[in-house]
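Residue numbers (this note's numbering): 54 to 273. Okay, so here's the structure we're looking at.
See the structure below:
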């Protein structure tokens with residue numbers, strides 16, 4: 054091999070090395086950015102997401118295309134934390150499969166959490182089924198929308214409707230809050246057939262506020 058060939062080979066080698074290094078840093082930067090966005094999305098208070106249901110069901114806040122809500126928890130640690138937290142933001146983003154039962158579930162499933170080493174993740178129901186897992190009958194992960202999330206959203210809307218009702222035919226009084234027994238959370242919980250504790254838990258999870266705080270805010 055001539056010295057010119059040696060120089061050319063060296064130049065090409067260095068060029069390839071620099072290109073790969075540059076590509077690695079770009080991917081690492083993007084990965085870190087996505088991870089941060091995913092962590093922020095996971096940690097977002099439910100008050101931010103309450104806007105989704107302010108006027109009924111709507112679309113979730115958007116992130117960049119490479120770090121969308123659908124990609125939440127691409128890292129297994131983040132996904133596992135979402136499972137432990139029963140994170141509703143991730144319930145339509147992926148499913149977790151339990152090796153010992155051959156069942157796959159949503160993050161919001163009410164079932165007891167399995168051991169971490171017995172869990173693998175799939176991006177969707179179809180992928181989980183291809184791996185040999187069957188859908189959980191409690192959380193119905195093969196359905197497009199999380200039925201538990203829909204149920205919670207409807208419950209919150211009903212509570213809000215019961216908290217704020219017209220107390221006069223005058224438009225000035227249209228949105229006055231209920232008075233006396235009508236404002237009693239116990240009464241509303243009883244009407245809905247749930248405990249006061251459960252009512253508060255669901256309402257605060259979806260809106261970031263207690264029913265009393267939300268009512269006070271609306272009355273201003």
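By construction, the Cβ of each residue, glycine as well, lies at the ideal position given by its N, Cα and C atoms.
According to DSSP, residues forming a beta bridge with residue i
i           : result
residue 202 : DSSP output for residue 202 lists no bridge partner at all.
residue 188 : 157
residue 150 : 157 and 173
Counted within 10 angstroms of its Cβ, other Cβ atoms place residue i as buried (16 or more) or exposed
i           : result
residue 250 : exposed
residue 198 : exposed
residue 259 : buried
residue 252 : buried
residue 181 : buried
residue 205 : buried
residue 187 : exposed
residue 342 : Residue 342 lies beyond the range of the chain shown here (54 to 273); nothing can be said about it.
residue 132 : buried
Cα-Cα separation, residue i to residue j
i           : j           : result
residue 145 : residue 189 : 14 Å
residue 161 : residue 201 : 8 Å
residue 241 : residue 143 : 30 Å
residue 177 : residue 237 : 43 Å
residue 136 : residue 167 : 10 Å
residue 203 : residue 270 : 24 Å
residue 165 : residue 156 : 13 Å
residue 134 : residue 128 : 10 Å
residue 216 : residue 185 : 47 Å
residue 262 : residue 140 : 18 Å
residue 163 : residue 209 : 19 Å
residue 248 : residue 256 : 12 Å
residue 264 : residue 193 : 29 Å
- prompt: Between the stretch 150-163 and the stretch 171-187, do at least 3 Cβ pairs fall closer than 8 Å?
  reply: yes
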